[in-house]
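Number of protein chains: 2
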Amino acid sequence: MAVKIQRKPKGAYHHPDLEHALVDAAIRTIHEQGVNALNLRAIGSQLGVSRTAIYRHFDDKSALLARVALEGFRIFRLALRSAVDEARKRGADPLEEMGSAYIEFALANQSHYKTMFSGAFGSWDRYPDLITEADGAFDVLLSTIREEQGTSRIAASHDPMRLAHIIWAGVHGIATLGMAGHLGPHDGTDGQLEELSRLHSRILLSGLRSRS
Amino acid sequence: MAVKIQRKPKGAYHHPDLEHALVDAAIRTIHEQGVNALNLRAIGSQLGVSRTAIYRHFDDKSALLARVALEGFRIFRLALRSAVDEARKRGADPLEEMGSAYIEFALANQSHYKTMFSGAFGSWDRYPDLITEADGAFDVLLSTIREEQGTSRIAASHDPMRLAHIIWAGVHGIATLGMAGHLGPHDGTDGQLEELSRLHSRILLSGLRSRS
DNA sequence: ATGGATTGTTGACACTGTCAACATTTTTCT
DNA sequence: AGAAAAATGTTGACAGTGTCAACAATCCAT
Chain A
133 MAVKIQRKPK
143 GAYHHPDLEH
153 ALVDAAIRTI
163 HEQGVNALNL
173 RAIGSQLGVS
183 RTAIYRHFDD
193 KSALLARVAL
203 EGFRIFRLAL
213 RSAVDEARKR
223 GADPLEEMGS
233 AYIEFALANQ
243 SHYKTMFSGA
253 FGSWDRYPDL
263 ITEADGAFDV
273 LLSTIREEQG
283 TSRIAASHDP
293 MRLAHIIWAG
303 VHGIATLGMA
313 GHLGPHDGTD
323 GQLEELSRLH
333 SRILLSGLRS
343 RS
Chain B
133 MAVKIQRKPK
143 GAYHHPDLEH
153 ALVDAAIRTI
163 HEQGVNALNL
173 RAIGSQLGVS
183 RTAIYRHFDD
193 KSALLARVAL
203 EGFRIFRLAL
213 RSAVDEARKR
223 GADPLEEMGS
233 AYIEFALANQ
243 SHYKTMFSGA
253 FGSWDRYPDL
263 ITEADGAFDV
273 LLSTIREEQG
283 TSRIAASHDP
293 MRLAHIIWAG
303 VHGIATLGMA
313 GHLGPHDGTD
323 GQLEELSRLH
333 SRILLSGLRS
343 RS
């Protein structure tokens, strides 16, 4: 497939690929100005298209945001997956590295991360694809835990699902509280939150190596 | 001080205590319909007052939300404090009981909790009182950790502030992900999330009793 | 090529936060 | 007590935004 023209040629009635362009523009805007700053009219005129053109591709604003979230989960899953694989290759702890990658993603894509998790698009039930994609990311964590239990690096006595929930909650908490500035001042460039995440992983894993 | 009349008497120009009435109405609306459903016009007419009367008591909508959050942190702090005291009296683990109380508060006041933590009111910097009140709630956790380290029930080798951040992040994560339905289906009436929080506490504390 | 499906446009509306200007009530000062 | 000032509440208006309805242009399959 040849490279697609990104901008609409002047005077053309139909945009070459408005749907993707809308998603890209939304992601960019969210990244640069936050979710709250996103408005459909600006997105439209940014693409040289009228303010309601979006409605031929998305039911409403929420649907666009859900799509943005979906793209986020896709990249997120790849990042987590690659962190685990890398760790295994290097003999590092996969869960600790995954936690670190989690924080790294959240910090590098703060508004995108918020779009994924702060209910900006309303109910998840309306977007089955989004649920599937989010489950895919979660599965990286869950399967890694199961594998670690298989090699007995962590106790097999705990329900892996509950462990996954606890670990997820921890890193998610560090990410969200950290971004809100509640875990001390930090500009996101220093690795302070990643360090906190590593400490979190080590304490948890230490607790999981002991008996029950 | 005598009991104040809550509703504005018909025809009265001045509301007896509009400021508190506004906060109460906002809290009630948020509790019943969520933060997003809150709008100033509805609040006004609900109190028999015009739509802009609020501006004599709050700079803007954000300021009202910040006040709602502040009230939340006050109640929150009391709940955490009392959970710790209760636990000590009963010989239970103070940190585990505090975690449980944390989840209980969040579940019983979901929208209020979101108002406190989801940045609904914009930047914290604008509301120094809010920061103070939130710090007060955090101090319940921090001081409890220090006390537990004093009695050596948890290792004193860790920075208590970092431990507080990690524990807080864990319960906050459980609360927010749980409310979003990400930790399995639950209606909030069963104690599923509280149970998860207890498991979380036990694993962490187990890890904190080991060396390092 | 032609008729229906797809995609984009314009006009309009409702909802909401907020400001300015004015009105009324309460408090303060002499 | 009376006047001035401060506090509190009201009405009118406006801007920003999401969304719908009706219409227009383009694309595609038969």
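Protein chains in written order, with this note's numbering: chain A, 133 to 344; chain B, 133 to 344.
Glycine residues also receive a C-beta, built at the ideal position from the N, C-alpha and C atoms.
None of these values were measured; they are calculated from a predicted model.
### Task
Flag B/R206 as yes if its beta-carbon sits less than 8 Å from any beta-carbon of chain A, otherwise no.
Within the second sequence, the letter at position 74 stands for residue 206 of chain B. So no, B/R206 is outside the interface.
### Query
Using the beta-carbon of each residue, which ones in chain A are nearer than 9 Å to B/L340?
Looking up residue 340 of chain B in the second sequence gives position 208. In chain order: I335, S338 and G339.
### Task
Give the residues from the region 302–315 of chain A that approach chain B closer than 9 Å (Cβ to any Cβ), ordered along the chain.
G302, V303, H304, G305, I306, A307, T308, L309, G310, A312, G313, H314 and L315
#### Entry: Contacts around B/W256, its chain only, beta-carbon distance under 7 Å, and the 5 residues preceding and following it disregarded
As a position in the second sequence, residue 256 of chain B is number 124, starting the count at 1. L262 and I263, listed in sequence order.
### Query
Of the choices A/E228, A/A296 and A/E280, whose alpha-carbon is the least far from that of A/D267?
Position 135 of the first sequence, counting from 1, holds the residue named residue 267 of chain A. Of the listed residues, the one whose Cα sits closest to A/D267 is A/A296.
### Query
Does the beta carbon of A/H189 come closer than 8 Å to any beta carbon on chain B?
One-based indexing of the first sequence puts residue 189 of chain A at position 57. For A/H189, the answer is no, since every Cβ of chain B falls outside 8 Å of its Cβ.
### Query
Does the beta carbon of A/I263 sit closer than 8 Å to a beta carbon anywhere in chain B?
Start at 1 with the first residue of the first sequence, and residue 263 of chain A comes out as number 131. With 8 Å as the cut-off, A/I263 does not count as an interface residue toward chain B.
### Message
Mapping the DSSP letters down to three states, classify B/S200 as helix, strand or coil.
### Response
For the purposes of this step, residue 200 of chain B is taken as residue 68 along the second sequence, with counting starting at 1. The sequence shown places Val at residue 200 of chain B, rather than the Ser named in the question. Reduced to three states, the DSSP call for B/V200 is helix.
### Message
Quick check: the Cα distance between B/A195 and B/G254, rounded to an integer number of angstroms?
### Response
Here residue 195 of chain B is taken as the residue at index 63 of the second sequence, counted from 1. Here residue 254 of chain B is taken as the residue at index 122 of the second sequence, counted from 1. If you take the alpha carbons of B/A195 and B/G254, they lie about 9 Å apart.
### Query
Buried or exposed: where does B/E327 fall if 16 or more other Cβ atoms within 10 Å of its Cβ makes it buried?
As a working mapping, residue 327 of chain B is identified with position 195 in the second sequence. So B/E327 counts as exposed.
### Query
Near A/R341, which residues of its chain fall below 8 Å by C-beta distance, leaving aside the five closest residues on each side in sequence?
As a position in the first sequence, residue 341 of chain A is number 209, starting the count at 1. Same-chain partners within the cutoff: R285, I286 and A287.
### Task
Please name the residue, chosen from A/N168, A/R188, A/L315 and A/Q165, that lies closest to A/L154 on a Cα-to-Cα basis.
Translated into the one-based positions of the first sequence, residue 154 of chain A becomes position 22. Checking every option, the nearest Cα to that of A/L154 belongs to A/R188.
### Query
Does DSSP classify B/K142 as helix, strand or coil?
In the second sequence, residue 142 of chain B corresponds to position 10, counting from 1. Note that B/K142 has pLDDT 42, beneath the 50 cutoff, so the model's placement of it is unreliable and the number below is only indicative. It is coil, neither helix nor strand.
### Query
With respect to the alpha helix (DSSP H) encompassing B/H314, which residues constitute its N-terminal and C-terminal limits?
Taking the first residue of the second sequence as position 1, residue 314 of chain B is located at position 182. Per DSSP, B/H314 belongs to no alpha helix (DSSP H) and is neither H nor E.
#### Entry: B/S214 and B/R330 closer than 8 Å at C-beta
Locating residue 214 of chain B in the second sequence gives position 82, where the first residue counts as 1. Locating residue 330 of chain B in the second sequence gives position 198, where the first residue counts as 1. Going by C-beta atoms, B/S214 is not nearer than 8 Å to B/R330.
#### Entry: Same chain only: Cβ atoms within 6 Å of B/I277, ignoring 5 sequence neighbours per side
Numbered from 1 along the second sequence, position 145 holds the residue referred to as residue 277 of chain B. Hits under 6 Å: P292, L295 and A296.
### Message
Using a Cβ-Cβ cutoff of less than 7 Å, which residues in the same chain neighbour A/V167 once the five nearest sequence positions on both sides are dropped?
### Response
As a first step, residue 167 of chain A is located in the first sequence; it is residue number 35 there, counting from the start. Closer than 7 Å at the Cβ level, and outside the excluded window around A/V167, lie S243, K246, T247 and A252.
### Between the CA atoms of A/Y259 and A/A198 - distance to the nearest angstrom
As a working note, residue 198 of chain A is residue 66 in the first sequence. As a working note, residue 259 of chain A is residue 127 in the first sequence. Distance between the alpha carbons of A/A198 and A/Y259 is about 7 Å.
### Below-8 Å beta-carbon distance, A/R104 vs any chain B residue
Absent from the structure is residue 104 of chain A, since the part of chain A shown begins at 133 and ends at 344.
#### Entry: chain B contact residues for A/L331, given Cβ-Cβ distances below 7 Å
The count along the first sequence starts at 1 and reaches residue 331 of chain A at position 199. Near A/L331 (Cβ distances below 7 Å), the residues of chain B are R294 and I298.
### Task
Could you run through the region 238–254 of chain A and flag, in chain order, every residue whose CB is less than 8 Å away from some CB of chain B?
F249, S250 and G251
### Interface positions of the region 218–236 of chain B facing chain A (Cβ-Cβ less than 7 Å), listed along the chain
none
### Query
Of the residues B/K193, B/G180 and B/P148, which one's Cα is nearest the Cα of B/L172?
The sequence position of residue 172 of chain B within the second sequence is 40, counting from 1. Among B/K193, B/G180 and B/P148, the Cα nearest to that of B/L172 is on B/K193.
### Message
Considering Cα atoms alone, identify which of B/V200, B/T184, B/A185 and B/L179 is closest to B/I159.
### Response
Residue mapping note: residue 159 of chain B aligns to position 27 of the second sequence, counting from 1. Checking every option, the nearest Cα to that of B/I159 belongs to B/V200.
### Message
Assuming contact is defined by CB atoms lying nearer than 8 Å, are B/H163 and B/N241 in contact in what I supplied?
### Response
Mapped onto the second sequence, residue 163 of chain B falls at position 31. Mapped onto the second sequence, residue 241 of chain B falls at position 109. Yes.
#### Entry: Chain-order list of residues whose beta-carbon lies under 7 Å from that of B/R220 (same chain, five-residue window excluded)
The sequence position of residue 220 of chain B within the second sequence is 88, counting from 1. So the list reads P226, once near-sequence residues are dropped.
### Message
By the three-class DSSP mapping on this structure, what secondary structure does A/H189 have?
### Response
Here the question's residue 189 of chain A lines up with position 57 in the first sequence. If DSSP states are grouped into helix, strand and coil, A/H189 belongs with coil.
### Query
Between A/T184 and A/G176, what straight-line distance do the alpha-carbon atoms span, to the nearest angstrom?
Start at 1 with the first residue of the first sequence, and residue 184 of chain A comes out as number 52. Start at 1 with the first residue of the first sequence, and residue 176 of chain A comes out as number 44. Taking the straight line from one Cα to the other gives about 8 Å.
### Query
Does the Cβ of A/I298 have 16 or more other Cβ atoms within 10 Å, making it buried, or fewer, making it exposed?
As a working mapping, residue 298 of chain A is identified with position 166 in the first sequence. Classification of A/I298: buried, given that the 10 Å Cβ count is 16 or more.
### Task
Could you tell me whether the Cβ atoms of A/L179 and A/A157 are closer together than 8 Å?
Working through the first sequence from its first residue, we reach residue 179 of chain A at position 47. Working through the first sequence from its first residue, we reach residue 157 of chain A at position 25. Yes.
### Query
Out of curiosity, what's the CA-to-CA distance linking B/G223 and B/S333?
Along the second sequence, one-based indexing puts residue 223 of chain B at 91. Along the second sequence, one-based indexing puts residue 333 of chain B at 201. Their Cα atoms are separated by approximately 16 Å.
### Task
Measure from the C-beta of A/L328 to each C-beta in chain B and report whether the shortest distance is under 8 Å.
Indexing the first sequence from 1 puts residue 328 of chain A at position 196. Output row for A/L328: interface = yes.
### Query
alpha helix (DSSP H) containing A/S329: first to last residue?
The count along the first sequence starts at 1 and reaches residue 329 of chain A at position 197. First-last of the alpha helix (DSSP H) with A/S329: Q324 to R341.
### Message
When you compare the CB positions of B/G302 and B/L325, do they come within less than 8 Å of one another, or not?
### Response
What you label residue 302 of chain B is simply residue 170 of the second sequence in a count that begins at 1. What you label residue 325 of chain B is simply residue 193 of the second sequence in a count that begins at 1. It is not a contact, given that the beta carbons lie outside the stated cut-off.
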